[in-house]
Amino acid sequence: MSEPTRLSKRVIELFGCSRREADLYIAGGWVTVDGKVVEAPQFKVEDQRVELHPDASLDPVAAVTLLVNCPTNISAAKLQQLLTAAQHWEEDPHAQRILHGHFLRQEQSLPLQNGASGLVILSQDWRTQRKLREDGNKLEQEYLVEVSGELPASALERLKKGLLHKGVQFPPCKASWQSEQRLRFALKNPAPDTLRQICTALGLKVLAMKRIRVGGVPMAKLPAGQWRYLGDKERF
Numbered sequence: 001m002s003e004p005t006r007l008s009k010r011v012i013e014l015f016g017c018s019r020r021e022a023d024l025y026i027a028g029g030w031v032t033v034d035g036k037v038v039e040a041p042q043f044k045v046e047d048q049r050v051e052l053h054p055d056a057s058l059d060p061v062a063a064v065t066l067l068v069n070c071p072t073n074i075s076a077a078k079l080q081q082l083l084t085a086a087q088h089w090e091e092d093p094h095a096q097r098i099l100h101g102h103f104l105r106q107e108q109s110l111p112l113q114n115g116a117s118g119l120v121i122l123s124q125d126w127r128t129q130r131k132l133r134e135d136g137n138k139l140e141q142e143y144l145v146e147v148s149g150e151l152p153a154s155a156l157e158r159l160k161k162g163l164l165h166k167g168v169q170f171p172p173c174k175a176s177w178q179s180e181q182r183l184r185f186a187l188k189n190p191a192p193d194t195l196r197q198i199c200t201a202l203g204l205k206v207l208a209m210k211r212i213r214v215g216g217v218p219m220a221k222l223p224a225g226q227w228r229y230l231g232d233k234e235r236f
């Protein structure tokens with residue numbers, strides 16, 4: 001039995017590449033150990049079979065943006081636990097090879113309303129991060145809100161220009177009934193409790209909230225607790 005050695009060193013020995021190239025092959029998911037992909041250069045190997053995929057590329061792992069259908073009041077630690085291959089939506093229209101590196105250094109933008117579930121955006125891509133930081137207040141966010149209580153039809157019209165209630169000016173928003181207990185809201189740059197406060201001002205009690213769209217990107221059929229990749233042609 002051979003002495004344990006780093007996977008990157010074994011790749012250098014077997015395939016005649018440099019240390020940097022070995023690390024890129026491994027991080028890119030192109031190296032298997034006894035048939036299983038290993039993405040950690042420091043992984044220790046002994047007599048296992050180490051192979052390099054015939055289509056292996058030295059291109060660095062591309063930065064990705066992930067869309068997650070989050071449960072209510074999820075912590076950062078719990079959110080990170082959703083970022084696994086097992087939680088990837090099997091019908092993802094923009095699916096690609098899933099790499100461990102896709103789950104690292106993800107930045108969350110445009111947080112949900114307090115107590116809401118639904119669409120959460122995580123990105124490693126500096127262009128997407130900058131877009132959401134600089135233009136986030138211009139992007140329309142759409143929520144479905146389950147409520148209880150009575151509301152005259154005229155009340156929704158008042159929201160278009162921004163509701164003024166007890167000295168508090170709320171941002172303009174569009175609202176419509178989707179069912180007897182469900183309202184659809186579309187608004188820009190809401191503070192963390194804006195929707196709940198608007199509903200309270202209208203005499204409604206909020207039972208549940210779910211964000212279903214940010215800008216031009218809808219959550220659509222993404223199941224709760226699962227994630228998908230943002231497509232190259234999708235734009236916020």
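In UniProt numbering, the protein residues as written are 1 to 236.
Ideal placement from N, C-alpha and C gives every residue a C-beta, glycine not left out.
The model shown is predicted, which means the values in this text are computed figures rather than measured ones.
Would you report the Cα separation of residue i and residue j, rounded to the nearest angstrom?
i, j, result
"residue 182", "residue 214", "19 Å"
"residue 68", "residue 221", "11 Å"
"residue 198", "residue 170", "7 Å"
"residue 44", "residue 6", "5 Å"
"residue 233", "residue 168", "39 Å"
"residue 51", "residue 2", "17 Å"
"residue 25", "residue 58", "6 Å"
"residue 225", "residue 74", "10 Å"
"residue 103", "residue 166", "45 Å"
"residue 38", "residue 92", "24 Å"
Select from the options the residue whose C-alpha is nearest the C-alpha of residue i.
i, options, result
"residue 42", "36, 49, 27", "27"
"residue 106", "119, 118, 125", "125"
"residue 217", "120, 38, 178", "120"
"residue 47", "34, 73, 77, 87", "34"
"residue 176", "191, 36, 160", "160"
"residue 56", "154, 31, 14, 209", "31"
"residue 153", "166, 133, 202", "202"
Sorted by chain position, which residues of the same chain lie with C-beta nearer than 8 Å to residue i's C-beta, five sequence neighbours on each side aside?
i, result
"residue 206", "115, 145, 146, 147, 195, 196, 199, 200"
"residue 23", "8, 41"
"residue 192", "111, 113, 114"
Ignore the nearest five residues each way along the sequence and tell me which others in residue i's own chain have a CB closer than 6 Å to its CB.
i, result
"residue 142", "186, 212, 213"
"residue 237", "Residue 237 is absent from the model: the chain starts at 1 and stops at 236."
"residue 174", "186"
Rounded to the nearest angstrom, how far is the Cβ of residue i from that of residue j, given a contact under 8 Å?
i, j, result
"residue 229", "residue 94", "4 Å"
"residue 138", "residue 188", "6 Å"
"residue 162", "residue 204", "Actually they do not touch by this definition, with Cβ atoms about 17 Å apart."
"residue 109", "residue 129", "7 Å"
Skipping 5 residues on each side, what residues in its chain have a beta carbon closer than 7 Å to that of residue i?
i, result
"residue 19", "8, 12"
Determine the contact status of residue i and residue j, defining contact as a CB-CB distance below 8 Å.
i, j, result
"residue 136", "residue 219", "no"
"residue 70", "residue 83", "no"
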